[in-house]
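First the structure, in the form of structure tokens, and then the observations on it.
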Amino acid sequence: MHPNIALAPGRPATIWNRLRAFAPYLGPAFLVSVGYMDPGNWGTNIAGGAAFGYSLLWVLLLSNIMALILQMLAAKLGIVTGRTLAENCRDHFSKPVAIALWIVVEIAMLATDMAEFLGAALGFKILFHIPLFPAALITGVVVFLVLAIYRYGFRAFEGIVLAMVATVGVCYVIEISTVGGLIHWAQVLHGVFIPTLPARPAFAMSSDASIVVAIGMLGATVMPHNLFLHSGVIKTRVGMENNIDTPGERDVHTRKVVHFSVLDSLLALNIAWLINSAMIILAAATFFRHGIAVTSLEQAYATLKPLLGAAAPTVFGIALLAAGVSSSVTGTLAGQMVMEGFLRREFSVLLRRGLTMVPALIVIYLMPRTGWGDTQILVISQVCLSLALPFVVIPLLMFTRRKDLMREHVNKPFTNAIAGACVALIIALNVLLIWHTFGGALPFSQG
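Quick note on the numbering used here: the sequence shown kicks off at 199 and runs consecutively.
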């Protein structure tokens with residue numbers, strides 16, 4: 199860590215002082231990391247671990263690397279320009295293009311919010327044994343209460359969300375410790391660092407199932423609302439110091455915030471990667487080991503009890519509830535930033551929550567009457583994300599390449615090459631996922 203960036207003048211460069219300098223800037227990336235642990239990721243990770251054991255852990259590692267790169271760009275854009283990704287889209291595109299982008303992003307965010315809301319409702323349902331629709335109403339009340347804290351200060355709101363993230367992490371530490379003796383750690387390391395696409399086990403649905411799950415993990419890793427969210431919440435760390443009077447001091451402060459945002463992202467997203475990996479490891483050590491295919495979160499909950507005892511499903515339910523509520527809260531905040539950025543009007547975060555809760559409640563009310571399952575809803579939300587993703591990552595890369603916007607923080611050629619490769623890969627994988635979702639055969643399927 200560079201002392202001229204990280205420390206106040208005259209302060210000795212001890213580890214403690216470096217941590218003290220970093221601490222006030224810690225947090226925005228943890229709000230973003232919530233989106234990487236939402237119920238959509240739960241479904242994909244658990245299904246992948248149940249069907250293919252530890253073999254797809256490498257996909258999560260690759261996903262995490264791509265997410266880190268793009269989230270760092272989103273944070274840097276917000277710091278240097280002082281404007282969110284949505285505001286930059288509104289400022290630098292024509293009005294028709296900006297409105298079209300806004301509509302696409304809103305549709306995707308509504309679908310994503312529906313999945314997150316459903317996840318929290320499932321958490322209440324399986325923990326307290328109540329029907330899904332009343333559980334959804336309780337979810338709405340809880341989310342409103344958390345969002346109400348936002349009106350009394352961002353730091354308090356941030357603390358509540360971070361506590362829920364910590365709850366998810368602690369729950370998975372407990373789950374992993376419960377199955378510790380069943381985990382083959384050599385296979386875990388092999389799965390993380392040796393890319394493989396395993397052949398179909400006896401209980402998988404199709405011969406290309408591992409490819410589909412891998413594409414789902416990679417293609418849905420970088421979610422549109424997370425990029426908008428990071429470019430917005432990072433601004434709470436800009437201008438925290440009072441002794442910034444000259445352009446030179448502002449430049450030093452900007453470099454400092456960019457530097458700490460990188461560290462914040464590395465810490466938060468790697469913790470999210472560990473939690474996601476724990477989901478696969480838990481599923482592999484329990485469901486895969488016993489040859490049980492898991493197709494829904496409720497099934498995973500019900501199956502854990504006979505395998506691991508009464509406490510395991512309860513811990514699972516608590517983690518799902520915390521993940522669902524926290525992702526619904528941060529998704530609402532991201533939605534508010536999107537509306538304000540594109541439309542240049544202020545919107546109450548509570549009003550935003552109320553509006554987006556209606557379609558989610560309608561879908562949840564209709565689920566038992568139509569035969570829709572939670573997995574189907576999650577798949578639909580992932581497809582909507584896939585459709586919207588190119589419309590978000592391409593503008594992000596365009597803006598961070600512009601010298602007039604980013605000044606000394608403009609992307610270096612190497613950064614452009616790596617980020618461009620990530621964008622191209624994500625788009626290609628999403629196209630394949632959408633193609634397969636609607637019945638198309640994958641070109642590299644094993645038949």
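Ideal Cβ placement from N, Cα and C applies to all residues, glycine included.
Segment limits, alpha helix (DSSP H) that includes residue i
i	result
S459	445-481
L502	495-506
M596	588-598
A227	226-231
L395	Here L395 belongs to no alpha helix (DSSP H), and DSSP marks it neither H nor E.
D602	601-604
L254	Neither: L254 is in no alpha helix (DSSP H) and is coded neither H nor E.
H382	Per DSSP, H382 belongs to no alpha helix (DSSP H) and is neither H nor E.
G437	Segment: none, G437 is in no alpha helix (DSSP H) and carries neither H nor E.
A219	213-220
F426	422-431
Beta-carbon contacts of residue i that lie in its chain and below 7 Å, excluding the five residues immediately before and after
i	result
Y563	F331
A318	T337, L519, G522, V523, S526
V650	As shown, the chain starts at 199 and ends at 645. That puts residue 650 outside it, with no answer to give.
N286	L275, T279, F597
L631	I413, G414, G417, S584
V621	V591, I592, L595
P445	none
L427	L229, V230, T528, L531, A532, M535
L506	T376, V377, T484
F391	W256
I432	P226, A273, G276, I277, S459
E314	D236, P237, G522, S525, S526, G529
V513	C369, I372, E373
L308	T554, P557
I381	I479, A483
A470	S231, Y234, M235
L345	V527, T530, V547, L548, R551
G571	S494
Neighbourhood of residue i by C-beta distance below 6 Å, restricted to the same chain and skipping five residues each side
i	result
A400	In this predicted model, A400 has a pLDDT of only 45, less than 50, meaning its place in the structure is not dependable; the value taken from the coordinates is given anyway. The answer is none, since no qualifying residue turns up.
K503	P511
F355	I347, Y348
A306	P422, C582, L583, A586
N243	N474, M477, I478
N609	T598, R599
DSSP-derived helix/strand/coil call for residue i
i	result
V366	helix
N609	coil
V492	coil
T512	helix
F636	coil
T530	helix
V523	helix
T419	coil
V371	helix
V377	coil
Residues near residue i by beta carbon distance below 8 Å, same chain, minus five either side
i	result
W240	G317, M477, L495, L518, A521
M270	S459, V460, S463
T212	none
F545	Q534, M537, E538
V456	A273, K274, I277, V278, H607
A296	C287, R288, F540
Residue i beta carbon near the ligand GTP (any heavy atom closer than 7 Å)
i	result
F355	The ligand GTP is absent from the structure shown, which contains no ligands of any kind.
Beta carbon proximity, residue i to chain B, threshold 8 Å
i	result
T394	Absence of chain B from the displayed structure is noted, only one protein chain being present.
What alpha helix (DSSP H) runs, 4 residues minimum, are completely inside the segment 316-364? 330-348
Length-filtered (4 minimum) alpha helix (DSSP H) runs lying within the segment 537-579: 547-568
In chain order, what are the residue ranges of uninterrupted alpha helix (DSSP H) at least 4 long that sit wholly in the segment 264-318? 283-290
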